[in-house]
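Numbering of the sequence shown is given in full-length UniProt numbering, commencing with residue 1 and proceeding in unit increments.
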Amino acid sequence: METSRKLAKYDRLYDQIKQYIQTTEDIWARLATMEAVLHHKMQSFFWTGVYVLIDGNLIVRSYQGPVACQKLRNGGVCWAAINSGDTVIVDNVEEFPGHIACNAASKSEIVIPLRDPEGRIFGCLDVDSDQLGAFDREDEAGLKKILSLLYQSDSVK
């Protein structure tokens with residue numbers, strides 16, 4: 001998808017998600033809603049979910065798509081994002097050292113660390129595609145904008 005169309009789509013999804021989540025400040029309900037909307041509106045999203053840090057492991061919290069790995073020990077794309085504190089975009093998961101294959105159909109991936117209001121990482125948003133090179137910096141910007149809604153309380157009704 002060309003950049004301007006992709007960014008416009010993320011802007012529309014931001015507005016849509018903002019409407020859906022305005023009735024609660026619960027971050028888990030908000031994340032689950034974000035996952036559902038993104039998964040069903042972005043054609044290249046094959047698996048969309050959240051892993052949370054619990055006792056030194058990443059545990060799947062919620063997701064859309066095929067059955068997920070329940071627990072991720074240190075390694076793989078999710079842990080690379082957690083350990084670096086930055087978004088990780090992988091064009092071809094087969095070329096990523098230590099990639100954890102939860103589903104053989106996954107070809108590319110983007111992982112964005114999730115932070116609490118104090119800036120501490122508590123998990124990550126993980127999105128897989130069954131297409132090579134499906135993600136870029138525009139996806140990162142769009143997803144981060146949507147994730148910024150997690151703690152907005154100005155529109156709660």
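The beta-carbon is built from N, C-alpha and C at its ideal position, and this holds for glycine as well.
As a quick exercise: from Gln-64, Leu-13, Ser-4, pick the residue whose alpha carbon is nearest that of Asp-126. Of the candidates Gln-64, Leu-13, Ser-4, the one whose C-alpha sits nearest the C-alpha of Asp-126 is Gln-64.
Excluding the five sequence neighbours on either side, which residues of its own chain have a C-beta within less than 7 Å of the C-beta of His-99, listed in chain order? Excluding its 5 nearest sequence neighbours in each direction, His-99 has C-beta neighbours in its own chain below 7 Å: Gly-76, Val-77, Val-93, listed in chain order.
Grouping DSSP H, G and I as helix and E and B as strand, with all else coil, what is Cys-124? DSSP places Cys-124 within a strand segment (E or B) once states are collapsed to three.
Please list, in chain order, all residues of the same chain as Val-88 whose beta carbon is under 6 Å from its beta carbon, the five residues on each side excluded. Excluding residues within five positions, the ones whose Cβ falls inside 6 Å are Val-77, Ala-80, Ala-81, Val-111.
Got a sec? Which residues, its chain only, sit under 7 Å from Ile-17 by beta carbon, not counting five neighbours each side? So the list reads Thr-33, Met-34, Val-37, Ile-146, Leu-149, once near-sequence residues are dropped.
With DSSP collapsed to three states, give me the class of Gly-76. The three-state reading of DSSP puts Gly-76 in helix, counting H, G and I together.
Note down the Cα distance separating residue 161 from Ser-106, rounded to an integer number of angstroms. Residue 161 is absent from the structure shown; the chain starts at 1 and stops at 157.
Using the Cα positions of Met-42 and Ser-129, report the straight-line distance between them to the nearest angstrom. When rounded, the separation of the alpha-carbon atoms in Met-42 and Ser-129 is 10 Å.
Coil, strand or helix - Asn-92 by DSSP: Looking at Asn-92 - three-state DSSP - the assignment turns out to be coil, as it is neither helix nor strand.
Quick check on the DSSP output: the alpha helix (DSSP H) that includes Tyr-14 runs from which residue to which? Per DSSP, the continuous alpha helix (DSSP H) segment holding Tyr-14 begins and ends at 3–21.
Roughly how far, in whole angstroms, is the beta-carbon of Arg-30 from the beta-carbon of Ile-21, given that I think they are within contact range, below 8 Å? Contact annotation, Arg-30 with Ile-21: C-beta distance approximately 5 Å; criterion of less than 8 Å satisfied.
According to the neighbour-count rule (16 or more other Cβ atoms, all chains shown, within 10 Å of its Cβ), is Leu-114 buried or exposed? Of the residues assessed, Leu-114 falls on the buried side of the cut-off, its CB having 16 or more other CB atoms within 10 angstroms.
Please say whether Ser-108 and Leu-132 have beta carbons closer to each other than 8 Å? Yes; because the gap between Cβ atoms is below 8 Å, this pair is in contact.
Sequence-distant residues of the same chain with beta carbon closer than 7 Å to Tyr-51, five excluded per side: Result list for Tyr-51: Leu-58, Ile-59, Val-60, Arg-61, Leu-72, Cys-78, Gly-123, Cys-124, Asp-126, in chain order.
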